[in-house]
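**Student:** Chains as they are written, first to last, in the numbering used here: chain W, 1482 to 1619; chain Z, 231 to 282. Please read through the structure below; I'll follow up with questions.
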Amino acid sequence: MTYYEFISEGPKGLIKKIVEFTETGTENVYNLGFADYDDKTKTTSDVSVSNNGDSLKVLATVASTVYAFTQKYPKAWILATGSTSVRTRLYRMGITNNLAEISDDFKVFGLNTNGEWEQFIVGEDYEAFLLTKKENIL
Amino acid sequence: MTIDQLNQSKVPIIVFDKKLEEFKGKVLFPEKLKRANEILAIAGLPKVVIKK
């Protein structure tokens, strides 16, 4: 497991965020978990909506941890699911808005409504996302 | 590292925080991991040729 933490800074104050990459049962595939972290209670919440006015920046920072993680584990595939449908949609928007830049380095797939992976298509609904560095695919 | 280099870097500046050691071996999001494994068991990986 690999962890990254960062601080969201906004009108609600400083909110600690934690990103976790966990090995799955499939070789080289890691699950991305992301949540607020409460230092006092030492608990995480991946459904909390912190409304700190910086969701795009937070998403970009999570994305940057993917770059860092795949630099360390270049063969890795990263799987991400939103903890709520709203959050899944937020991930989809984040990918959509940055697809050109992401595609410079990664192949991105979405789990479609038939339960199959397909190359990410803007405007399609997905339940989960999977990406890996371009050079891992022939 | 210059500001210019920082702005062009896609990788964050990472400072190792020993406090993160407290999580060592812990799965913080077991439900999500379970879901990921279920998805992989059913859908596998995309039908592409993967470089070994």
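Each residue gets a CB set at the ideal place from its N, CA and C atoms; glycine is no exception. In this text the structure is predicted, and so the values were computed from the model without any measurement.
Where do the ends of the beta strand (DSSP E) carrying E268 of chain Z lie?
**Tutor:** In the second sequence, the residue the question calls residue 268 of chain Z occupies position 38. From DSSP, E268 of chain Z is part of no beta strand (DSSP E) but of the alpha helix (DSSP H) over P260 to A273.
**Student:** Which residues in chain Z have a C-beta closer than 8 Å to the C-beta of T1522 of chain W? List them in chain order.
**Tutor:** Start at 1 with the first residue of the first sequence, and residue 1522 of chain W comes out as number 41. Per Cβ cutoff of 8 Å: no residues; T1522 of chain W is ~13 Å from chain Z at best.
**Student:** Going along the stretch 1564–1589 of chain W in order, which residues come within less than 8 Å of chain Z, judged by CB to CB distance?
**Tutor:** Hits within the stretch, in order: S1564, D1586 and K1588.
**Student:** Under a Cβ-count criterion, where at least 16 other Cβ atoms within 10 Å of its own Cβ denotes burial, should V1603 of chain W be classed as buried or exposed?
**Tutor:** Here residue 1603 of chain W corresponds to residue number 122 of the first sequence, with the count starting at 1. When all chains shown are included, V1603 of chain W counts as exposed.
**Student:** With C-beta atoms as the reference, is Y1511 of chain W less than 8 Å away from E1486 of chain W?
**Tutor:** Residue mapping note: residue 1511 of chain W aligns to position 30 of the first sequence, counting from 1. Residue mapping note: residue 1486 of chain W aligns to position 5 of the first sequence, counting from 1. No, these two residues do not count as a Cβ contact at 8 Å.
**Student:** Over the uninterrupted alpha helix (DSSP H) stretch that includes F1550 of chain W, give me the two end residues.
**Tutor:** Start at 1 with the first residue of the first sequence, and residue 1550 of chain W comes out as number 69. Residues S1536 to K1553.
**Student:** Throw me the rounded Cβ distance for the V278 of chain Z and I1618 of chain W pair, which I believe falls under 8 Å.
**Tutor:** In the second sequence, residue 278 of chain Z corresponds to position 48, counting from 1. In the first sequence, residue 1618 of chain W corresponds to position 137, counting from 1. Indeed, because the Cβ distance is near 5 Å, the residues count as touching under 8 Å.
**Student:** Closest Cβ-Cβ distance between N1532 of chain W and chain Z: below 8 Å?
**Tutor:** As a working mapping, residue 1532 of chain W is identified with position 51 in the first sequence. Output row for N1532 of chain W: interface = no.
**Student:** Hey, quick one: how far does the beta strand (DSSP E) through E1501 of chain W stretch, first residue to last?
**Tutor:** Mapped onto the first sequence, residue 1501 of chain W falls at position 20. Residues G1494 to E1504.
**Student:** Using 10 angstroms around the beta-carbon of G311 of chain Z, count the other beta-carbons present and answer buried if the total reaches 16, otherwise exposed.
**Tutor:** No statement about residue 311 of chain Z is possible, as the shown extent of chain Z runs from 231 to 282 and does not include it.
**Student:** Does the stretch 253–268 of chain Z come into contact with the stretch 1492–1509 of chain W, if we say contact requires no fewer than three beta-carbon pairs (one atom in each stretch) closer than 8 Å?
**Tutor:** Yes, they touch.
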